[in-house]
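> Quick one: the structure is below, and I'll ask about it shortly.
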Amino acid sequence: MQIKPRRSKRVSEILNELSLSSKRGVAWLIDPDEFDFEKLEEEFFCQASQAELDLIFIGGSQGLTTGVDELISALQQKLPSIPKVIFPGSELQISDQADALLFLSLLSGRNPEYLIGQQVKAVEKLRSSQLEILSTAYLLVNDGDICSVHRKSETFPLLNQNIDQIVNTALAGKYLGMRHFYLDAGSGSDSTVSPEVIKAVKSAVNRPLIVGGGLDSLEKVQRCFDADADLIVVGNQVQKNPDFLIEVLDYKRFYNAALHIDE
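390 is the number of the first residue of the sequence shown in the working numbering; add one for each residue after it.
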């Protein structure tokens, strides 16, 4: 098995620093069932590394296990300095090749399988792993679009206009002891998590806030940054156009520099 490089920071430290400093971060979400290395040139990986990609999320809503270890191993060769984080679609999608795992509980739905069932099933494997486990309240939020994650989890998204319900759901996660929060519109969603929701949740929980789903333009990325998202996640649009990741990273650097917090 390939030896993982020693990290100067744990993933939780990266997220906490983003949250406390107001600096914005970017994660690249890769679906192992759809990712094709052959489509990406070496220059792309060099640019992603130089442009200070913060994290790589690996996972897909289908929860398939094929190729996860191989994908992470290949990414380790191409982007060795960037932490790899499992974003699991099921308890089967766990790999010791990664650095950390988002231990998600789907609070926006009422399907017990994704509230606690999958988590219990994952424990035996996690107990013997060296993964950093990040307790994460996971909320699906958009304008009513139904994406693959909703079909897989058999739940409906919370609606952007129901801000109080979303905030109360997030706060329930905080009171249960969850330390990280992920608002997701769903991969390929036509709508995004609204800036009003992002700002309200961030203000209420005062914890690291991750936002993704439907972010297919720099304008949408900016709205998330302006609304106090600590880390935004792009994936579907990068799969269509790899240069979009570099554009987002360049914009992040410009945004952070404009706030006089770029290191």
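Where is the CB? At the ideal position from N, CA and C, for every residue including glycine.
Which of the three DSSP states, helix, strand or coil, is assigned to Ile-471?
Here Ile-471 carries a coil assignment [DSSP, helix/strand/coil].
> Does the Cβ-Cβ distance between Leu-491 and Leu-523 come in under 7 angstroms?
Leu-491 is a Cβ neighbour of Leu-523, given a cutoff of 7 angstroms.
> Skipping 5 residues on each side, what residues in its chain have a beta carbon closer than 6 angstroms to that of Val-637?
Taken in chain order, the residues that qualify are Val-415, Val-610 and Val-623.
> Are Val-582 and Ala-574 close, meaning C-beta to C-beta below 7 angstroms?
yes
> Excluding the five sequence neighbours on either side, which residues of its own chain have a C-beta within less than 6 angstroms of the C-beta of Asp-651, listed in chain order?
With a pLDDT of only 47 at Asp-651, under the threshold of 50, the placement of this residue in the model should not be trusted; the figure read from the coordinates follows. Counting only Cβ-Cβ distances below 6 angstroms, and skipping sequence neighbours, we find Asn-645.
> Please confirm whether Pro-631 and Leu-429 have their CB atoms less than 7 angstroms apart.
yes
> Tell me, please, which residues DSSP counts as bridged to Tyr-571.
Partner(s): Tyr-527 and Ile-599.
> Using only alpha-carbon positions, find the residue among Lys-467, Gln-439 and Arg-399 that is nearest to Glu-431.
Lys-467
> Could you tell me which of Gly-566, Thr-525 and Phe-633 sits nearest to Ile-475, measuring between CA atoms?
Thr-525
> Find out if the Cβ-Cβ distance for the pair Ser-497, Leu-504 is shorter than 7 angstroms.
no
> In the DSSP assignment, the beta strand (DSSP E) including Ile-419 goes from what residue to what residue?
From DSSP, the beta strand (DSSP E) with Ile-419 extends over 414 to 419.
> Which residue wins for smallest C-alpha separation from Pro-469, given the options Ser-479, Ala-489, Ser-438 and Glu-480?
Ser-438
> Express the C-alpha separation of Leu-560 and Ile-635 in angstroms, rounding to a whole number.
34 angstroms
> Opposite Ala-647 in the DSSP bridges: which residues?
None; Ala-647 has no bridge partner.
> Is the beta carbon of Asp-605 closer than 7 angstroms to that of Gln-628?
No; because the gap between Cβ atoms is not below 7 angstroms, this pair is not in contact.
> Can you name the start and end residues of the beta strand (DSSP E) that Ala-593 belongs to?
Careful: Ala-593 lies outside any beta strand (DSSP E), inside the alpha helix (DSSP H) at 584 to 594.
> Between which residues of its own chain and Glu-543 is the CB-CB distance below 7 angstroms, once the five residues before and five after are set aside?
Asn-500
> Among Ile-445, Leu-607, Val-512 and Asn-595, which has the Cα closest to the Cα of Val-486?
The amino acid occupying residue 486 in the given sequence is Gln; Val does not appear at that position. Nearest of Ile-445, Leu-607, Val-512 and Asn-595 to Gln-486, Cα basis: Ile-445.
> For Asn-405, which residues in the same chain have their Cβ closer than 7 angstroms to its Cβ, ignoring the five residues on either side in sequence?
Pro-597
> Tell me, please, which residues DSSP counts as bridged to Ala-489.
Val-474 and Glu-521
> Ala-589 CB to nearest chain D CB: under 7 angstroms?
You won't find chain D in this structure, because it holds only one protein chain.
> In terms of residues, what are the limits of the alpha helix (DSSP H) holding Ile-555?
Run containing Ile-555: 552 to 564, per the alpha helix (DSSP H) assignment.
> Using the beta-carbon count (16 or more within 10 Å), is Ser-517 buried or exposed?
exposed
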